[in-house]
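Here's the structure we're looking at; comments come further down.
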Amino acid sequence: MERVPDGLFIGGAWRPATDEKRLPVFDPATGEIVKQIADASPADGKAALDAAVEAFPAWAATPPRERAELLRRAFDLLQERKEDFALLMTIEMGKPLAEARGEVAYGGEFLRWFSEETARVQGRYGPNPEGTGRMIVSQHPVGPCYLITPWNFPLAMATRKVAPALAAGCTVVIKPAALTPLTTLYFAKVLEDAGLPAGVVNVITTTQTGAVSEPIIRDPRLRKLSFTGSTPVGQALLKQAADGVLRTSMELGGNAPFVIFEDADLDKAVDGAIAAKFRNIGQACTAANRFIVHRSVADAFAQRVTERVQGFAIGRGTEDGVTIGPLIDDRAVAKAAQLVGDAVQRGATVRTGGNAIDGPGTFYEPTVITDVQPGSEILREEIFGPVLAIVPFDTEDEAVRLANDTEYGLVSYVFTDNLARGQRMIERLETGMMGLNMGVVSNAAAPFGGWKMSGLGREGGAEGIHEYLQTKYTLTANP
Ligand code: NAD
-1 MERVPDGLFI
9 GGAWRPATDE
19 KRLPVFDPAT
29 GEIVKQIADA
39 SPADGKAALD
49 AAVEAFPAWA
59 ATPPRERAEL
69 LRRAFDLLQE
79 RKEDFALLMT
89 IEMGKPLAEA
99 RGEVAYGGEF
109 LRWFSEETAR
119 VQGRYGPNPE
129 GTGRMIVSQH
139 PVGPCYLITP
149 WNFPLAMATR
159 KVAPALAAGC
169 TVVIKPAALT
179 PLTTLYFAKV
189 LEDAGLPAGV
199 VNVITTTQTG
209 AVSEPIIRDP
219 RLRKLSFTGS
229 TPVGQALLKQ
239 AADGVLRTSM
249 ELGGNAPFVI
259 FEDADLDKAV
269 DGAIAAKFRN
279 IGQACTAANR
289 FIVHRSVADA
299 FAQRVTERVQ
309 GFAIGRGTED
319 GVTIGPLIDD
329 RAVAKAAQLV
339 GDAVQRGATV
349 RTGGNAIDGP
359 GTFYEPTVIT
369 DVQPGSEILR
379 EEIFGPVLAI
389 VPFDTEDEAV
399 RLANDTEYGL
409 VSYVFTDNLA
419 RGQRMIERLE
429 TGMMGLNMGV
439 VSNAAAPFGG
449 WKMSGLGREG
459 GAEGIHEYLQ
469 TKYTLTANP
């Protein structure tokens, strides 16, 4: 904890907030304050943007290899400090240590992947169709960017934005969630130690989220907003961005269907379900939200997952063997309780769990509910907690209709051993990503992102860097 900076990182220097305000960071497993850090004011936000604007021309002009090498050094340093990062995330966010280690591996990959992509940004040159000139298409960094990240994956959400932005030649201001800011501060330290030039990455931590962010978003010097968080906040930020016709990427909420057909391998489906539902204590945008299970296997599936859930160890993520940590805060516990209460009132059955656990810490029992009735809120809303809700279906058409019956379209999971059926589901589901007989899809080499109200743009893959590039076309005379 001593190695984690407690200041704002602006223009290459660590400093307190201008008004000296500080914000407390809590351990959700104990409710105790683990560290006090700077709480930025709107003036600090402006200073951070000033620094990113000033650093932009020089950074944009660096050879791609230099930028690649910086990202690669950061990747290596992250590996050296991986235990620090894992412990830090467990303490500030609550996920079990084994999962925090998994996030370090996943989050680190964005640094390696985009260090490799840096030198692969290409344009094209050739005659126009009429043969009257030569067309040159070139790619240019979009400019200073504002990156806003959520609390649920403190490292991966930061690297997934910072790495492609830096690779493209952009400078950034990043604002992590006030609930989990320590990982981003420590990540900035890694970048600093890797040789980051002053002002290329600036970090502001604040409780005055809207007051600090809006002037940055409305500043005409800002050229890009990349946001990961809930859909309502994303919508509000899109409105702020509209006046300046600001480029945006939006990674928003999900309501993932997890469809199990009667021909699925049930062992694989149960393993996939446990991963898709309980990873990160259910607090993932990719978490399976609705288990849509063929009626002939619904009871067997419910029984198998219930047995697995009853074997979970609940506790502080730092303790050996713990598989379910706390939820992020009281509001998250209240939301899980309210959604389960509503479902039960409408006729669902609780197979296991279904209760908040007395403090200290903000825990909710891992829960399985069956026979969830149409109209239940749990089918509409992101649960963001360890509650597995099962809805039976009879026909493939009904499964497709239920799966698509949501305003979201981030990820879908389908379990079937019938190849043609699997292919039909790829064609028919309204989703940006799909796990076919797989319960986890995230990969730095893949384009992560959603359809419908789950967002705009993609992070990762060959697509990820293009979120931070803009295209220029030039027509030249024939030689
Ligand atoms: P949130 O929308 O409350 O907050 C996200 C970030 O936005 C935080 O940094 C927060 O401080 C900031 N924020 C909140 N209000 C703001 C405002 N008025 N102006 C500027 N910034 C503001 O979301 P959360 O609770 O931190 O995260 C959970 C949500 O994130 C879920 O909906 C989840 O699905 C989504 N999420 C999506 C992805 C994805 O890739 N699609 C990944 C992770 C999480």
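Using my numbering, read the sequence shown as starting at -1 and increasing by one per residue.
Heads up, the beta-carbon is just placed ideally off N, CA and C, and yes, glycines get one too.
Given the structure is predicted, the values throughout are model-derived calculations rather than measurements.
A Cβ-Cβ separation of about 26 Å leaves V210 out of contact with A72 under the 8 Å criterion.
A176 is not a Cβ neighbour of T116, given a cutoff of 8 Å. For the ligand NAD, residues qualifying as neighbours are I146, P148, W149, A175, T207, G208, S211, T226, G227, S228, V231, E249, G251 and C283, where qualification means a beta carbon closer than 5 Å to at least one of its heavy atoms (chain order). The distance from the Cβ of G448 to that of G232 is about 11 Å, inconsistent with a contact at the 8 Å cut-off. Boundaries of the alpha helix (DSSP H) around Y184: L180 to D191.
Cβ contact annotation for A475 (same chain, cutoff 7 Å, sequence separation greater than five): G131, in chain order. Scanning the stretch 342 to 371 for uninterrupted beta strand (DSSP E) segments of 3 residues or longer gives 347 to 350 and 365 to 368, listed from N- to C-terminal end. In the three-state reduction of the DSSP assignment, Q34 falls in the strand class. Restricting attention to beta strand (DSSP E) runs no shorter than 3 residues, the stretch 85 to 172 encloses them at 122 to 125, 132 to 139 and 143 to 146, ordered along the chain.
In the DSSP annotation of this structure, the continuous segment of the beta strand (DSSP E) that includes S247 starts and ends at R245 to E249.
In the three-state reduction of the DSSP assignment, L377 falls in the helix class. When DSSP states are grouped into helix, strand and coil, L75 belongs to the helix group. Excluding residues up to 5 positions away in sequence, Q238, D241 and G242 lie with their Cβ nearer than 8 Å to the Cβ of R216 in the same chain. Pairing V412 with R221, the inter-Cα distance amounts to about 38 Å. Per the C-alpha coordinates, the member of I214, G208, G141 and A15 positioned closest to A234 is G208.
About 14 Å separates the beta carbon of L236 from that of T226, a gap too long to meet the 8 Å contact definition. Residue pairing from DSSP leaves R219 without any beta-bridge partner.
Annotated as distal: I134 and V171, with beta-carbon spacing of 8 Å or more.
Annotated three-state conformation of E457 is strand, per DSSP. When beta bridges are read from the DSSP output, R20 appears opposite A36. In the DSSP assignment, L434 is bridged to V412. The beta carbon of V398 sits closer than 8 Å to those of M423, R426 and L427, all from its chain and outside the five residues before and after it, given in chain order. If you draw a straight line from the Cα of V201 to the Cα of P195, it is about 14 Å long.
From the listed residues A296, E396, I272 and E81, the smallest Cα separation to N435 is found for I272.
Y123 counts as exposed, since fewer than 16 other C-beta atoms from the protein chains shown sit within 10 angstroms of its C-beta. Residues of the same chain with a CB within less than 6 Å of the CB of E90, apart from the 5 flanking positions on each side, are V23, T178 and L180 in chain order. The C-alpha of E101 lies about 26 Å from the C-alpha of I355. In the structure shown, the three-state DSSP call for R302 is helix. L427 carries a coil assignment under DSSP once its states are collapsed to helix, strand and coil. Residue environment: K33 is assigned as buried (16 or more neighbouring CB atoms within 10 Å of its CB, all protein chains considered). DSSP, reduced to helix, strand and coil, places T469 within a strand of the structure shown.
Judged by DSSP secondary structure, V257 falls within the beta strand (DSSP E) whose first and last residues are A254 to I258. With a cutoff of 8 Å on beta-carbon distance, G383 and K333 are scored as near each other. Secondary structure note for L6: it is in no alpha helix (DSSP H), and the uninterrupted beta strand (DSSP E) holding it is L6 to I8. Each of M431, R1 and G352 was checked against the Cα of D191, and the nearest Cα belongs to R1.
Scanning its chain for C-beta atoms nearer than 6 Å, with the 5 sequence neighbours on each side dropped, one finds around I8 the residues A45, A46, A49 and N200, in chain order.
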